[in-house]
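Enquirer:
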Amino acid sequence: MADSSTLVSETGRSLLADSSVLESKIIETPKENVFRATVLDVEAEEMPQIETRVVLVQEAGKREELQKALETIKIMEVPVIKIKESSPDKSEEKLIKSIIHMEIKMPYIKTDTIEELGDSDSPEFETIFVVSDFQAPIFSKLCKADCRVIGPPLVLHCAQKGEPLPFSCRPLYCASMLNLVLCFTGFRKKDELVKLVTLVHHMGGITRRDFSSKVTHLVANSTHGDKFRIAVSLGIPIVKAEWIYKAWEKRNEIDFCAADDDFRNQFKVPPFQDCMLSFLGFSDDEKANMEEMTEMQGGHYLPVGDERCTHLVVEESTVKDLPFEPLKKLYVVKQEWFWGSIQMDARAGESMYLFEKSESPDFKKSVSLLSLSTPNSNRKRRRLKETLAQLTRETDLSPFPPRKRPSAEHSLSIGSLLDISNTPDSSTANGETPKSCARPSKNSTPLPLKQSARWQVAKELYQTESNYVDILTTIIQLFQVPLEKEGQLGGPILAQEEIKTIFGSIPDILDEDLEDLMINWTESKSIGDIILKYSKDLLKTYPPFVNFFEMSKETITRCEKQKPRFHAFLKVS
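All residue numbers for the sequence shown refer to full-length UniProt numbering, where the first residue is 1 and numbers rise by one.
1) Whose C-beta lies closer than 7 Å to the C-beta of Pro-153 among residues of the same chain, with five residues either side of it excluded?
2) Three or more C-beta pairs under 8 Å: does that hold for the segment 526-537 against the segment 469-476?
3) With DSSP collapsed to three states, give me the class of Phe-134.
4) Is it true that the segment 102-115 meets the segment 74-83, where meeting means three or more beta-carbon pairs spaced less than 8 Å apart?
5) Leaving out five residues on either side along the sequence, give the residues of the same chain with a beta carbon under 6 Å from the beta carbon of Gly-186.
6) Which first and last residues belong to the alpha helix (DSSP H) in which Val-469 is found?
7) Report the residue ranges of all beta strand (DSSP E) runs contained in full by the segment 248-276; include only those spanning at least 3 residues, in chain order.
8) For a test of your reading of the model: does the CB of Val-197 fall under 7 Å from any non-hydrogen atom of the ligand FAD? Yes or no.
9) If you follow the alpha helix (DSSP H) that Glu-115 is part of, which residue opens it and which one closes it?
10) Going by DSSP in three states, Val-80 sits in which element: helix, strand or coil?
11) Is the segment 242-249 close to the segment 264-278, with three or more CB pairs under 8 Å?
12) Could you give the first and the last residue of the continuous alpha helix (DSSP H) run that contains Glu-59?
13) Under 8 Å by Cβ, that's how I've got Glu-498 and Thr-555 pegged, so tell me the actual separation to the nearest angstrom.
14) What three-state label does DSSP hand Lys-187 in the structure shown?
15) What are the start and end residues of the alpha helix (DSSP H) that includes His-224?
16) Spell out the partners DSSP gives Tyr-301 in its beta bridges.
17) Identify which residue in Ile-502, Ser-452, Phe-211, Phe-263 has its Cα closest to the Cα of Lys-525.
18) Please identify the residue among Ala-60, Ile-100, Val-54, Val-80 whose C-alpha is closest to the C-alpha of Ile-128.
19) From Ser-317 to Arg-229, what does the alpha carbon distance come to, in whole angstroms?
20) Would you tell me roughly how many angstroms separate the C-alpha atoms of Asp-425 and His-300, rounded to the nearest one?
21) Note down the Cα distance separating Lys-404 from Glu-460, rounded to an integer number of angstroms.
22) Could one say the Cβ of Val-333 lies closer than 8 Å to chain D's Cβ atoms, at least one of them?
23) Taking the straight line between their C-alpha atoms, what separation do you get for His-217 and Leu-156?
24) Name, in chain order, the residues that DSSP records as bridge partners for Val-215.
25) Please list the terminal residues of the continuous alpha helix (DSSP H) segment that includes Gly-149.
26) For the candidate residues Gln-335, Pro-492, Glu-249, whose alpha-carbon lies nearest to that of Phe-282?
27) Measure the alpha-carbon distance for Leu-57 versus Asp-260 and round it to whole angstroms.
28) Which same chain residues end up closer than 8 Å to Cys-309 when comparing Cβ atoms and leaving out the 5 residues on each side of it in sequence?
29) Is the distance from the Cβ of Ser-176 to the Cβ of Glu-59 below 8 Å?
30) Could you tell me which residues DSSP pairs with Tyr-331 in its beta bridges?
31) DSSP on Ile-502, reduced to helix/strand/coil?
32) When DSSP labels each residue in this structure, what does Val-194 get in the three-state scheme?
33) Just reading off the beta strand (DSSP E) that Thr-207 is part of, what are its end residues?
34) Would you identify the three-state DSSP class for Glu-51, choosing helix, strand or coil?
35) Have a look at the DSSP bridge pairing and note the partners of Thr-127.
36) Would you mind sorting Ser-341 into buried or exposed? The rule is 16 or more other CB atoms within 10 Å of its CB.
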């Protein structure tokens with residue numbers, strides 16, 4: 001329960017799974033390789049001939065809540081040890097063969113000193129010591145005697161959950177980091193690393209020297225190195241060392257979990273930590289906005305050409321050549337790197353965004369790790385935006401029917417896709433059917449030999465509705481689907497409530513019946529019959545869409561101002 005790994009004894013190996021800075025006589029063995037059983041499952045010769053007991057030490061014995069909790073706990077985990085044969089010149093090795101559950105016959109006993117017990121190291125007893133202060137001399141004494149030591153919060157946790165007292169070869173104070181696997185990078189001070197690792201172990205966490213798929217959190221003191229890059233690509237949370245220290249301060253809160261998003265996010269490593277950015281080719285307003293975002297995301301900005309600069313962010317559409325020869329240590333990147341880093345809430349790898357390689361075949365083939373959708377999403381997004389731009393030139397985006405045909409030409413920005421004030425010029429008067437990203441069959445609607453006035457009206461209505469549906473479909477594909485996708489790097493960009501407010505009122509509109517009518521047109525056909533057929537559905541679908549339209553717009557505006565990652569998402573979409 002308390003640890004996903006157990007320990008066996010061997011000379012000269014390290015307690016610290018993430019570093020070799022500590023010397024100890026125990027090494028880690030995955031707990032999944034250790035057989036867990038009840039007393040009845042264990043063979044007679046393997047049964048430990050021992051008595052179980054829990055000892056409340058000093059201040060712990062004065063706490064009534066601990067005494068009541070221990071009266072409800074009837075089971076403790078006990079290791080079954082096998083002595084491995086070794087040569088005379090080597091120390092014996094103790095191997096944990098299995099872990100069993102044994103009954104606690106006496107709830108607890110109290111003591112002020114180990115000497116009072118007189119048999120604390122006797123093989124006839126499996127003893128767990130409960131100590132309130134892991135800095136007290138009695139704690140150090142128990143650790144040197146290789147005793148099992150736990151803290152009061154762990155006892156209360158087990159009583160609350162109805163779980164047995166856990167086995168762990170390390171002192172275990174609480175369960176705040178239960179099931180967490182941590183890896184460290186960028187730490188150069190040995191003492192600091194030892195202290196951090198010790199606290200993690202006291203809270204039930206595990207440390208790993210090498211980064212693997214089992215790592216749940218990377219504790220980083222630097223944004224450089226392979227571990228950081230791998231964590232970013234896998235979407236593993238990257239946090240500062242302060243996260244561990246603050247979690248330890250909350251060690252006495254029984255229900256506290258260090259992995260809680262709200263708590264952990266206070267200590268995340270910001271995307272531009274250790275970065276000095278300069279901006280080239282942007283307008284004054286854009287530059288001011290990006291400089292403000294840089295500081296919000298943990299970085300600093302400098303004038304172009306400053307030798308302290310680590311990244312030069314370039315607007316590639318306006319800058320063709322650099323005004324100076326960059327230093328080798330300087331990353332010259334496109335603005336997609338800047339916005340992508342904010343979007344994924346971690347510093348993106350620079351290699352695929354280098355300015356001088358933007359037109360190389362290798363760059364075109366690379367798939368961005370920042371994508372919130374499928375591979376080749378950049379190409380798909382461009383195609384969707386081109387379709388959207390074309391459709392909005394041909395269709396009024398307003399959910400309300402136009403009072404007259406629009407005559408003025410309007411532009412549409414990606415940030416105002418749902419703005420009813422945008423009424424692009426309709427091109428339906430030329431009789432052409434627009435291209436569709438969803439239903440190519442519409443392009444092949446046959447023309448009757450004689451185009452009557454009724455056919456012209458029906459055709460215009462069909463084109464208008466088809467384009468409107470395609471715009472909604474494109475919005476969903478370009479924005480809603482990526483925002484709702486699970487496993488986003490850096491976590492969800494928007495809360496589910498915000499996504500529902502923005503997109504939840506988009507109606508499910510189908511125009512297959514109109515298409516069939518146009519394909520099989522006769523003068524006896526009636527559009528009114530189709531409207532009557534779906535009248536009840538329309539009455540259910542459209543009122544929420546119309547009523548919440550303004551709320552959707554307000555939510556988009558608010559989120560763009562208050563949430564930098566959403567602002568960045570709109571920039572790179």
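No residue lacks a Cβ here, since even glycine has one placed at the ideal position from N, Cα and C.
Bear in mind the structure is a predicted one, so any value in this text is a computation, not a measurement.
Expert: On the basis of the coordinates in this document:
1) Tyr-173, Cys-174, Arg-251, Asn-252, Ile-254
2) no
3) coil
4) yes
5) Ala-220, Asn-221, Ser-222
6) 453-475
7) none
8) In the structure on display, the ligand FAD does not appear, and there are no ligands present to speak of.
9) No alpha helix (DSSP H) holds Glu-115; DSSP gives it neither H nor E.
10) strand
11) yes
12) It is not in any alpha helix (DSSP H) - Glu-59 carries neither H nor E in the DSSP assignment.
13) 6 Å
14) A quick correction: the sequence has Phe, not Lys, at residue 187. In this structure, Phe-187 counts as coil in the three-state DSSP scheme.
15) No alpha helix (DSSP H) holds His-224; DSSP gives it neither H nor E.
16) Leu-277
17) Ser-452
18) Val-54
19) 28 Å
20) Low local confidence applies: a pLDDT of 39 at Asp-425 is under 50, so the model's placement there is unreliable, with the coordinate-based value given in what follows. Looking at the two C-alpha atoms, the distance is approximately 44 Å.
21) Residue confidence is low: Lys-404 scores 37 on pLDDT, short of 50, so the model does not pin down where it sits. Its coordinate-derived value is still stated next. Rounded to whole angstroms, Lys-404 to Glu-460 spans 14 Å at the Cα level.
22) In the structure shown, chain D does not exist; there is a single protein chain.
23) 26 Å
24) Bridge partners of Val-215: none, in fact.
25) Per the sequence shown, the amino acid found at residue 149 is Val instead of Gly. Careful: Val-149 lies outside any alpha helix (DSSP H), inside the beta strand (DSSP E) at 148-150.
26) Gln-335
27) Reading the sequence as shown, one finds Val at residue 57 and not Leu. Roughly 32 Å separates the two Cα atoms.
28) Met-276, Leu-277, Ser-278, Leu-302, Leu-330
29) no
30) His-311
31) helix
32) helix
33) 206-208
34) strand
35) Arg-53
36) buried
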